[in-house]
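Read through the structure below, which is laid out as structure tokens, and then see the notes.
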Amino acid sequence: MDTVQAKILDGKKAASVIKEGLKARISKLPEGGRPGLAVVLVGEDPASKVYVGQKEKASVEVGINSFVHKLPAGTTQPELLALIEDLNCDPRVHGILVQLPLPEGFDADAVISAIHPEKDVDGFHAVNVGRLWTGGRAVEPCTPKGIMALLDSTGIELKGLNAVVIGRSNIVGKPISAMLLSRHCTLTICHSRTKDLPSAVRGGDIVVAAVGRPNFVTGDMIKQGAIVIDVGINRVGGKLAGDVEFESASQKASWITPVPGGVGPMTIVMLMKNTLELAGIKQTPGT
Ligand code: NAD
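Per this note's numbering, the sequence shown runs over residues -2 to 284.
Rendered as structure tokens:
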């Protein structure tokens, strides 16, 4: 077997370059013209608290006005919907994000539907999902948008490549599938009921793993020279592990994302980029 060490798709570095571009752009805006991002957290989920903290920190760092609303676990759905309505009408707020998962008892679909599609910074509203699949001007969900930026950073022409997406969630699997299709990839979507997943993955010039199972994709499933994007964030013995077995996969891939430091940092910076785009602020070329 040829053993070629894959090049690393460094999401941390790529995200920091994009972040600097956004920061420079925002710094030129008048104080009153800054974009605003509202993040709503309901309840005490520890992981959600960490994610909201990261989003707040990143907003402040690039100069986005951050409005964090922390609601107690006892909040009712009508109370949450009323807050979203206020944010929909607030001219200082250009992007609204409700941290998921919501506590039990909330209807997440109804909550997402209540966000105005033009403030739906996560791109989860059905209007934006529809636009994404029909080729309209959609707000692109942050993780898939970050993945596409990483793929583009390789300089490889995506048109006509076989792309295999593992996972079909609304947050990652489905939207990245729509985006790869819109870039003229030939698409295979694998999921929990797929028969013979390894042979499907072996056909991939691009493999995107968004499963949530540590080391699920192994090197023997990877086509020589494939680009491997590992979306998974799994905690194994206090350490982070991706969905891809890095050691074996990097012997076959041409490019591979590490975990941590791959897709994760790109997700946050794309949230910032989406906020600017929703505020109607043009970016400098290359950001
Ligand atoms: P999810 O649980 O909603 O979806 C997982 C998908 O994997 C499902 O569609 C399911 O069909 C598929 N699946 C499960 N078992 C399978 C199997 N045995 N064979 C084939 N497919 C199988 O998860 P998600 O929200 O899409 O997230 C996936 C992973 O990505 C998680 O580890 C999550 O933490 C991570 N994630 C990372 C980021 C980031 O910014 N890096 C963002 C979102 C999610």
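Glycine residues also receive a C-beta, built at the ideal position from the N, C-alpha and C atoms.
Discussion item. Measuring CB atoms only, is the segment 73 to 84 touching the segment 15 to 23, in the sense that at least three cross pairs come out at less than 8 angstroms?
Written reply: Taking a contact to require three or more Cβ pairs closer than 8 angstroms, the segment 73 to 84 and the segment 15 to 23 do not qualify as touching.
Fill in: Inter-residue CB distance, Ile144 and Val205 (contact presumed, cutoff 8 angstroms)
About 6 angstroms separates the CB atoms of Ile144 and Val205; that is less than 8 angstroms, so the two are in contact.
Worksheet item: Can you tell me whether DSSP reads Ser189 as helix, strand or coil?
Response: Of the three classes helix, strand and coil, the one that applies to Ser189 here is coil, per DSSP.
Item to complete: Take every Cβ of the segment 26 to 34, pair it with every Cβ of the segment 61 to 73, and state whether three or more of those distances are shorter than 8 angstroms.
Response: Yes: the two stretches touch, three or more of their Cβ pairs being nearer than 8 angstroms.
Worksheet item: How long is the line joining the alpha carbons of Pro98 and Val108, rounded to whole angstroms?
Response: Those two C-alpha atoms are separated by around 11 angstroms.
Item to complete: Give the C-beta separation of Gly201 and Ala160 to the nearest angstrom, bearing in mind that I take them to be a contact with Cβ-Cβ under 8 angstroms.
Response: With a contact defined as Cβ atoms closer than 8 angstroms, Gly201 and Ala160 qualify at about 6 angstroms.
Discussion item. Any heavy atom of the ligand NAD inside 7 angstroms of the beta-carbon of Ile219?
Written reply: Checking the Cβ of Ile219 against the ligand NAD gives no.
Discussion item. Rounded to whole angstroms, what is the Cα-Cα separation between Leu178 and Leu155?
Written reply: One alpha carbon belongs to Leu178, the other to Leu155, and they sit about 10 angstroms apart.
Worksheet item: Could you give the distance in angstroms between the alpha-carbon of Ile112 and the alpha-carbon of Arg190?
Response: For the pair Ile112 and Arg190, the Cα-to-Cα distance works out to about 33 angstroms.
Worksheet item: Where DSSP assigns a beta bridge to Ala35, which residues make up the other side?
Response: DSSP lists Phe64 and Ile93 as the beta-bridge partner residues of Ala35.
Discussion item. Can you tell me where the beta strand (DSSP E) holding Ile224 begins and where it ends?
Written reply: Where Ile224 is concerned, the enclosing beta strand (DSSP E) stretches over Ile224 to Asp227.
Practice prompt. Decide if the segment 212 to 222 is in contact with the segment 167 to 185; the criterion is three or more beta carbon pairs, one per stretch, under 8 angstroms apart.
Written response: Inter-segment contact for the segment 212 to 222 and the segment 167 to 185 is absent: fewer than three beta-carbon pairs are separated by less than 8 angstroms.
Fill in: Lys46 versus Ile23 - alpha carbon distance
Computed Cα separation, rounded: 26 angstroms.
Worksheet entry | Neighbourhood of Val169 by C-beta, 6 angstroms cutoff - its chain only, sequence neighbours within 5 removed | Only Thr140, Ala207 and Val228 meet the Cβ criterion.
Discussion item. Looking at the strands, I want to know which residues DSSP matches up with Val161.
Written reply: The partner list for Val161 (beta bridge, DSSP) reads Thr185 and Val204.
Worksheet item: Taking the Cβ atom as the reference point for each residue, do Ala135 and Pro100 lie within a distance shorter than 8 angstroms?
Response: Against a cut-off of 8 angstroms, the Cβ pair of Pro100 and Ala135 comes out as no contact.
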